[in-house]
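In our numbering, the protein residues as written are 10 to 309.
Data block below; observations after.
Structure representation (structure tokens):
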């Protein structure tokens, strides 16, 4: 009997150790997955935003030294609408997976996420045949120098619910044959919020931060088209909320739910808040600001 009792104690201890190790491994896997998603989405979004408005100002010479490949900037013309801009977006929006659009403000069904559209010229090798590998879209595909203004690469970032019910960050781009192509970039991205550094006095420094809907409202107040106001954007601040895949009963909220509010754009933007459901999932906030490298206004 004593031996049996000792054996049971050993079995219970071993079982507890095994279950504890398994739980620790599961939690560690969830945390690492969220951290990897944060790093990847930051990299993709920052790279795209830095490319916004890129034009090839310097023409290249062919190997014979005589022929010249014209610069892409010669193709730039005055924007006629938001989709012709190098950078624009919508607030609280739902984005179609099949249409060439970035959604309309206040049409969202996923926690009030925004969309962000980035357009830029590609760049080809000196002989003009293939992309030189300096400009890439959100799929990682190198972009060639376009022949017309409308051939600029475009990429649209947005959040939607996948078929299995989990939120994901998507990117929509124009494929080589001109059709719309959509790919899931990262699983578990619950929220995407974007504000824009608005330059009101032409000194290339943000004077205020506005959401897309506020830029649209400013255009309506001024009696101008929205694209006129978008040309004053000189910086972009992006915030994302990323969650783990599995719920965890041990991570349930305790006490006041207000203590669990998340500020995707930081506490400097108290009006933009995400209140996560009490599902025990691990969550992380990713926030970053990118100054636009390329002029958004057309050159004189």
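Ideal placement from N, C-alpha and C gives every residue a C-beta, glycine not left out.
Predicted, not measured: the structure shown is a model, and the values here were computed from it.
Notebook entry, point to check: Quick one: any contact between the region 205-220 and the region 242-258, if contact means 3 or more CB pairs under 8 Å?
Noted result: yes
Check: Which of helix, strand or coil does DSSP assign to residue 63?
Finding: Numbered from its first residue, the chain shown carries residue 63 at position 54. In this structure, DSSP gives residue 63 a state outside helix and strand, which the three-state scheme calls coil.
Item checked: Contact check, residue 127 vs residue 57, beta carbons under 8 Å -> As a first step, residue 127 is located in the chain shown; it is residue number 118 there, counting from the start. As a first step, residue 57 is located in the chain shown; it is residue number 48 there, counting from the start. Yes, these two residues count as a Cβ contact at 8 Å.
Check: Since residue 223 sits in a beta bridge, which residues does DSSP pair it with?
Finding: In the chain shown, the residue the question calls residue 223 occupies position 214. Residue 223 is not bridged to any residue.
Checklist line | Beta-carbon separation (whole angstroms), residue 148 vs residue 63, contact threshold 8 Å | finding: Stepping through the chain shown from its first residue, residue 148 is reached at position 139. Stepping through the chain shown from its first residue, residue 63 is reached at position 54. At roughly 17 Å, the Cβ-Cβ gap does not stay under 8 Å, so residue 148 and residue 63 are not in contact.
Check: Which one or two residues does DSSP pair with residue 165 in a beta bridge?
Finding: To locate residue 165, count along the chain shown from 1; it is residue 156. 126 and 181.
Next item on the list: Return the first residue and the last residue of the beta strand (DSSP E) that residue 171 is part of.
Entry: Taking the chain shown and counting its residues from 1, the one referred to as residue 171 is at position 162. First-last for residue 171: undefined, no H or E at that position.
Item checked: Classification of residue 227 by the beta-carbon crowding that lies within 10 angstroms, buried from 16 upward -> The count along the chain shown starts at 1 and reaches residue 227 at position 218. Under this definition residue 227 is a buried residue.
Margin query: Residues in the same chain with beta-carbon distance under 6 Å from residue 213, minus the five sequence neighbours each way, listed in chain order, please.
Written below: Reading the chain shown from its first residue, position 204 is the one you call residue 213. If we look at residue 213 and ignore the five residues flanking it on each side, its Cβ neighbours are 243.
Margin query: Quick test of your reading: residue 283 and residue 40, contact by CB under 8 Å. State the CB separation rounded to the nearest angstrom.
Written below: To locate residue 283, count along the chain shown from 1; it is residue 274. To locate residue 40, count along the chain shown from 1; it is residue 31. Contact doesn't hold; Cβ gap of about 19 Å is too wide.
Margin query: According to DSSP, is residue 272 part of a helix, a strand, or is it coil?
Written below: Counting from 1 along the chain shown, the entry for residue 272 is found at position 263. DSSP, reduced to helix, strand and coil, places residue 272 outside both helices and strands of the structure shown, so it counts as coil.
Margin query: Counting C-beta neighbours from all protein chains within 10 Å, is the total for residue 193 16 or more, i.e. buried, or is it exposed?
Written below: Position 184 of the chain shown, counted from the first residue, corresponds to residue 193. Residue 193 should be labelled exposed.
Margin query: With H, G and I counted as helix, E and B as strand and the rest as coil, what does DSSP make of residue 145?
Written below: Looking up residue 145 in the chain shown gives position 136. Strand at residue 145.
Notebook entry, point to check: What residues are listed by DSSP as bridge partners for residue 218?
Noted result: Taking the chain shown and counting its residues from 1, the one referred to as residue 218 is at position 209. In the DSSP output, where bridge partners are listed per residue, residue 218 has 206.
Check: In this structure, what does DSSP give as the bridge partners for residue 298?
Finding: Numbered from 1 along the chain shown, position 289 holds the residue referred to as residue 298. 246, per the DSSP bridge assignment.
Check: For residue 178, which residues from the same chain have a beta carbon less than 7 Å from its beta carbon, with the 5 sequence-adjacent residues on both sides left out?
Finding: On the chain shown, residue 178 is found 169 positions in, with the first residue counted as 1. Correct list, in chain order: 50, 166, 168, 194, 195, 198 and 201.
Check: Can you name the residues that DSSP bridges to residue 133?
Finding: Locating residue 133 in the chain shown gives position 124, where the first residue counts as 1. Paired residues: 140.
Next item on the list: From the DSSP output, in three-state form, read off residue 76 for me.
Entry: The count along the chain shown starts at 1 and reaches residue 76 at position 67. Unreliable positioning characterises residue 76 in this predicted model, as indicated by a pLDDT of 48, which lies under 50. The coordinate reading is nonetheless provided below. Assigned with DSSP and collapsed to three states, residue 76 falls in coil, not helix or strand.
Notebook entry, point to check: DSSP puts residue 293 in a beta bridge; with which residues?
Noted result: Mapped onto the chain shown, residue 293 falls at position 284. In the DSSP output, where bridge partners are listed per residue, residue 293 has 251.
Check: For residue 116, is the classification buried or exposed, using 16 other Cβ atoms within 10 angstroms of its Cβ as the cut-off for buried?
Finding: As a first step, residue 116 must be located in the chain shown, where it is residue number 107. Answer is exposed; the Cβ neighbour count stays below 16.
Check: Within 7 Å: the Cβ of residue 115 and any heavy atom of the ligand COA?
Finding: No copy of the ligand COA occurs in the structure displayed, which carries no ligand at all.
Item checked: Status (buried if at least 16 other CB within 10 Å, exposed otherwise) for residue 146 -> Walking along the chain shown from the start, residue 146 turns up at place 137. When all chains shown are included, residue 146 counts as buried.
Next item on the list: Taking 8 Å as the cut-off, decide whether the C-beta atoms of residue 163 and residue 182 are in contact.
Entry: What you label residue 163 is simply residue 154 of the chain shown in a count that begins at 1. What you label residue 182 is simply residue 173 of the chain shown in a count that begins at 1. The Cβ atoms of residue 163 and residue 182 sit closer than 8 Å to each other.
Margin query: Using C-beta distances below 7 Å, list every residue in its chain close to residue 331, excluding the 5 sequence neighbours before and after it, in chain order.
Written below: Any property of residue 331 remains undetermined from this structure, which presents the chain solely from 10 to 309.
Next item on the list: Identify whether residue 91 lies in helix, strand or coil by the three-state DSSP scheme.
Entry: Here residue 91 is taken as the residue at index 82 of the chain shown, counted from 1. Helix.
Next item on the list: Determine the DSSP secondary structure at residue 279, reduced to helix, strand or coil.
Entry: On the chain shown, position 270 is the one that residue 279 refers to. The answer is coil: DSSP assigns residue 279 none of H, G, I, E or B.
Notebook entry, point to check: In chain order, what residues of the same chain lie with their CB nearer than 6 Å to the CB of residue 275, ignoring the 5 residues before and after it?
Noted result: Working through the chain shown from its first residue, we reach residue 275 at position 266. Once the five neighbours on either side are set aside, the close Cβ partners of residue 275 are 296.
Item checked: Beta carbon of residue 271 nearer than 8 Å to that of residue 285 -> Taking the chain shown and counting its residues from 1, one reaches residue 271 at position 262. Taking the chain shown and counting its residues from 1, one reaches residue 285 at position 276. For the 8 Å CB-CB criterion, residue 271 and residue 285 form a contact.
Margin query: For a quick check, are the C-beta atoms of residue 251 and residue 53 less than 8 Å apart?
Written below: Taking the chain shown and counting its residues from 1, one reaches residue 251 at position 242. Taking the chain shown and counting its residues from 1, one reaches residue 53 at position 44. Contact flag unset, no.
Margin query: Just to confirm, is the Cβ distance from residue 100 to residue 222 under 8 Å?
Written below: Numbered from its first residue, the chain shown carries residue 100 at position 91. Numbered from its first residue, the chain shown carries residue 222 at position 213. Their beta carbons are under 8 Å apart, which means residue 100 touches residue 222 by this criterion.
Next item on the list: Report back the beta-carbon spacing between residue 95 and residue 61 to the nearest angstrom; my notes put them in contact at under 8 Å.
Entry: Here residue 95 corresponds to residue number 86 of the chain shown, with the count starting at 1. Here residue 61 corresponds to residue number 52 of the chain shown, with the count starting at 1. Sure, about 5 Å apart at Cβ, within 8 Å.
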